[in-house]
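Notes follow once the structure below has been shown.
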Amino acid sequence: MIKFVIIFIGLLLFSINGFGSVNNCMSCHLDLEDEGGSASKFAKDIHSQKGLGCADCHGGDPTLDDMDDVRDSRGFRGVPNHLEVPDFCARCHSDATYMHNHNPSLPVDQLAKYKTSIHGQLLFSAKDKKVANCVSCHSVHEIGNGQMPYSSTHPSNLPATCAKCHSDKDYMAEYKIPTDQFEKYSSSVHGQALLERGDLGAPACNDCHGNHGAAPPGVSSLAAVCGVCHALEAELFEKSPHADAFLENDFPMCETCHSNHDIVKPSDKMIGTAESSLCTECHAADDGTIGLPTADSILTSLNNLVLAHLNAKQSLDEAILKGMMTTNEEFLLKEVDQSLIQARTLIHSFDMDSVAPKAMEGIAKADTIIVNSAGLIDEYYFRRKGLAVATLIITFLAFMLYRKIRKIEQK
Amino acid sequence: MDGSQNGLIKKGYQWLDDRLHINSLVEYMSSKEVPKHSHSIFYYLGGITLFLFIVQIITGILLLMYYRPGADSAYESVKFIVSEVSFGWLIRAIHSWSANLMVLSAFLHMFTVFFTRAYRKPREMTWYTGMGLLALSMTFGFSGYLLPWNELAFFATRVGTGMAGAMPVIGDYLMVIMRGGEEVTGATIGRFFGLHVAILPLLTTGLLTLHLVFIQRQGMSEPMNWAGKKQEDKKFMKFFPNFIYRDALVWLIALNILALLAVIFPDGIGVVHWPLGEKADPFAAPPAVIRPEWYFMFAFQALKMLPAHIWFIEGELFGIIVFGIGGLIWMLIPLLDRRANENKRSPMVMAFGTFIVLFIVVMTIVGYLVE
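For the protein sequence lines, the chains are A and B, in the order given.
Here the first sequence stands for residues 606 to 1016, where the numbers follow my numbering.
Here the second sequence stands for residues 9 to 379, where the numbers follow my numbering.
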C-alpha cells in the first residue's frame, strides 16, 4: 500500500513539474530532421542552457501537437530570412530590461554596433543577402558565449569563423578584398601564439577589427588598435620624429614596418643600415636626415648588449656546471634579459639617447655577472685544492694509525 | 719525538692521572676484549654512526650561529650561509651528507644486529635503546628537511605531516600539533626548529648514553656459533688499544669520504640531494615530483600504492596500521625470538627479517623508478 502511495505522489509531482515546460516543437522537429540537425543541436545552445525554449525566439504555442495549429497560434514568428535576423535577435538582445533578467553583464548594443559595421551597412542599406549577420558568426542553434570552447566565437575558433567567408575566394569575389588574411594570420606571431600554443591572450580577428562593429582599422586609428596591447611601443612612437612623418605620407603607423595580418616576430635585423634592415626602405645615406646614422648606432648598442648577455650566460653556465651557488647571478641575468627587452622596446623612440643608456645598464650588469662567475670558478678550484690537502692529511693520519695497529698486533 | 717532548707528555699524563685516576680507566679498558671473527667488521657500524652523530652536533652548532628560523628569514639565512659565510657551504654540505650517512649506517647497524641476533639476552635493552635512537635519527631528518624553507621541503613536509594526519584517532590532533595549525606555515618552522635543535638532541644524548653504557657493561655480543666452543678456541682483541685504534682508523676513513662527498657534491647527488632552489611559496603550484627523503621512500611508496579502500578501511589508514604493527613486531623481536636465547636457529625470524629488507629495498627502488 505504502509503495502505491509513493508511486502515486511521485507521478503527481512529475506531472506538475513537467506541465509548465511542455515543448512539443522538439518532438516533431527531431522526428523530421536528419541526425545532427539544428533541433538536435539546441541542447548545447546557451539559450537552452539558460532555460529558453523554441517559442521564446520563434513564437507560437509549444504545447500544441499539430504543426499547422502552431503556425496559426498567437505570436508565431517562424524562421526569419537573412535580412530579418539582426532584428529577430535584437528583440531580446537590445532589450536591457529583458537581458538584465538573464545575463546582466552582457551588453545590449550589438545591433547598434552592427549597423556601424561594414557587414551591417551592406545588409541594411544594400540589402545584401550574402553579408554576415548574427547567425553567420554565432551559428543558428549551437550558440555559445566566447568562453565556451565549442563556441564559434571562442578566441581559438574565431579566426576560422571569420575565414569561413573571408578565405572563400568565390564567395568574396564581388567584394574585391583579399582572401589571404587567415593564411597570413596563421603564420604570424599572433596566429602561432593563439592557434598553435593556445595562448588566449594573443589577439584574434575581433581584437583588432572589433566584433559587432567590425571594420578595418584606418591609417589614423592603427596605432590605437596595436597600442591596446603594445602600449609602451605606441607611446614611444607617438613622441618620435616618425609620428608626424608617417602621418604626412599616409603611412600606416605600425603596419609600415610590421605589416598587418602576417606580423612576424621582430628581430634586430629589422634595424640598421644593412639590406635586411627596414630603415633602408625609406631612408638613404644622402636623404638629409639622421635616419641611417641613428639606426646604425641603435643597432650597435643592441648588438653590444646581446654580446654581453651571451658572454655573461656562458660564464654563468660554467659556474653552474661546477655546482657553485649562483642564485644572485642567475637573478642578475634575468635583469640583463629585461634590459634587452626594454632596449628593444625603446627602438620605437628612434632616439639613440633613449636606447644607449638602457643598453649600457644591461652591459654593466652582464659585466658584473662575468666578474662574479669568474670569482665562483676560482672558488671552485680553491675548494678542490683544499680538498686535496685535507684528504692527503687525513690519509696520512690513517696510514700512520694503520702502521701503529699493525705494530701493536704483531707483538 | 725527542726525549724532552716525551718527558713533557708523561708529566702532563701524570698530572691528569693524579687528579682523575686515568690509569684505572685504561686498565679497565685494557682488560675488556672484543670477539674476533669473520663478522667482526659489523662491530664498527655503531662507531661510525656515533662519529657521524658527533659531526652532526659540531656542524649543527656552526649552522646555528647564522640560521634564523621563521618564514621570512629561514630561507634567506640558509642562502646567506651557503653564499656569503666563509666555508658555510662546506658546513651545510657536511651536515647534510653526514645526516644521510648517519641514517644509512644506523639502518645497517640495526640489520647486522638483527641478522646476527645480537639482540638476544642479555642485550635486549641495547636493542630497544638502539631502535629508539634510529627513530630519533629519522625524526632529526624529517624535522631538519623543512628548516631551509625551500619549495621542495615545504611540499614534502605538507605531504609528510598530512600522512601523519591519516593515523587513527590521534591523526588530526597530531597533524595540527606538528604543523602548529591547519597548514604548514612559519609556525611549523618554529616547532620543527625547536624539535631539531633542543628536544631531539636532548633525547638522543640521553638514549645514546644509555646505549653506550649497556655496551660497555655487557661488551660486544659473541657470534651464536661460538656457543659450544671452548674458551681457548675463541679469538679476542683488546678493547684498548686495539679496538679503539681500529675504530679511530674507520672514523678517519669516514671523515675522508665525508670530505670528498661534501666538496665534490655540496648539494648531494642523485636521489640524495638538497639544492636550496626556490623559496617556499604556499600559493605556488606544487612541483611535479614531491618525494620524501630516501629513508622514508619505502613507506611513502607503499602507502601510495594502496587502493583507496581495503575492506571498510581507508587505504592509507590501513597502511599506517600495518606499518605500526610491523614496527612493533620488529621492536619486540628480543621478546618474540625466544629460540635465540637458547642459541637455536629461528627460520621464522630470519624469514621475517629478509622480507622486511626486501620490502624496504624493492619499495625504495620502485618509488624512484615510477617517478
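Glycine residues also receive a C-beta, built at the ideal position from the N, C-alpha and C atoms.
- Within the DSSP bridge table, the entry for F244 of chain B names B:P43 as partners.
- The Cβ of K1009 of chain A sits closer than 8 Å to at least one Cβ of chain B.
- Under DSSP, N816 of chain A takes part in no beta bridge, so it has no partner.
- Contact annotation: in the segment 258 to 284 of chain B, residues whose CB is within less than 8 Å of a CB in chain A are L260, I261, L263, N264, A267, L268, V271, I272, F273, P274, D275 and L284.
- Beta-bridge partners of I99 of chain B (DSSP): none assigned.
- In the structure shown, N706 of chain A adopts helical secondary structure according to DSSP, grouped into three states.
- Under the three-state reduction of DSSP, G285 of chain B is assigned to coil, being neither helix nor strand.
- A straight line joining the alpha-carbon of P962 of chain A with that of S902 of chain A spans about 12 Å.
- Taking 8 Å as the Cβ-Cβ cut-off, the segment 983 to 1004 of chain A approaches chain B at R988, R989, G991, L992, A995, T996, I999, T1000, L1002 and A1003, given in chain order.
- Residue-level contact by beta carbon fails for E923 of chain A and chain B, as no gap is shorter than 8 Å.
- Looking from the CA of V736 of chain A, the closest CA among A:H771, A:R1008, A:S978 and A:D650 belongs to A:H771.
- Interface annotation, N977 of chain A: not in contact with chain B, CB-CB separation never under 8 Å.
- Within the model, the alpha-carbon separation for G236 of chain B versus F273 of chain B is close to 49 Å.
- Counting the other CB atoms within 10 Å of its CB gives R1011 of chain A a total below 16, which places it among the exposed residues.
- Rounded to whole angstroms, the Cβ separation of G168 of chain B and F150 of chain B is 6 Å, and the two are in contact under 8 Å.
- Taking CB atoms only, P249 of chain B has a neighbour in chain A less than 8 Å away.
- For the pair G877 of chain A and L904 of chain A, the CB atoms are nearer than the 8 Å cut-off.
- For the pair L657 of chain A and N629 of chain A, the CB atoms are not nearer than the 8 Å cut-off.
- A Cβ of chain A is located within less than 8 Å of the beta carbon of S91 of chain B.
- Cα atoms of D867 of chain A and S793 of chain A: separation of roughly 5 Å, rounded to the nearest angstrom.
- The alpha carbon of G227 of chain B has as its nearest neighbour, out of B:A316, B:S91, B:K44 and B:Y153, the alpha carbon of B:K44.
- Within the segment 149 to 172 of chain B, contact with chain A at the beta-carbon level (separation under 8 Å) is assigned to no residue.
- A distance below 7 Å between beta-carbons, with the five flanking residues on each side excluded, links E966 of chain A to the following residues of its chain, in chain order: S944.
- Rounded to the nearest whole angstrom, the CA to CA distance from V93 of chain B to P898 of chain A is 50 Å.
- The closest CA to that of D958 of chain A, considering only A:S845, A:D661, A:P667 and A:N762, is found on A:S845.
- In this chain, F955 of chain A is not harboured by any alpha helix (DSSP H), its DSSP state being neither H nor E.
- In the DSSP assignment, H317 of chain B is bridged to B:E322.
- Secondary structure at I337 of chain B: helix, using DSSP grouped into helix, strand and coil.
- Interface residue (Cβ-Cβ distance to chain A less than 8 Å): W105 of chain B is not classified as such.
- Secondary structure of V86 of chain B (DSSP, three-state): helix.
- In this structure, W157 of chain B places its C-beta atom within 8 Å of the C-beta atom of A79 of chain B.
- Taking the Cα positions, K352 of chain B is about 32 Å away from F306 of chain B.
- Annotated three-state conformation of N158 of chain B is strand, per DSSP.
- Take the alpha-carbon of S145 of chain B and the one of A969 of chain A: they are about 49 Å apart.
- Here I364 of chain B carries a helix assignment [DSSP, helix/strand/coil].
- Under the Cβ criterion (8 Å, minimum of three pairs), the segment 260 to 277 of chain B counts as touching the segment 97 to 106 of chain B.
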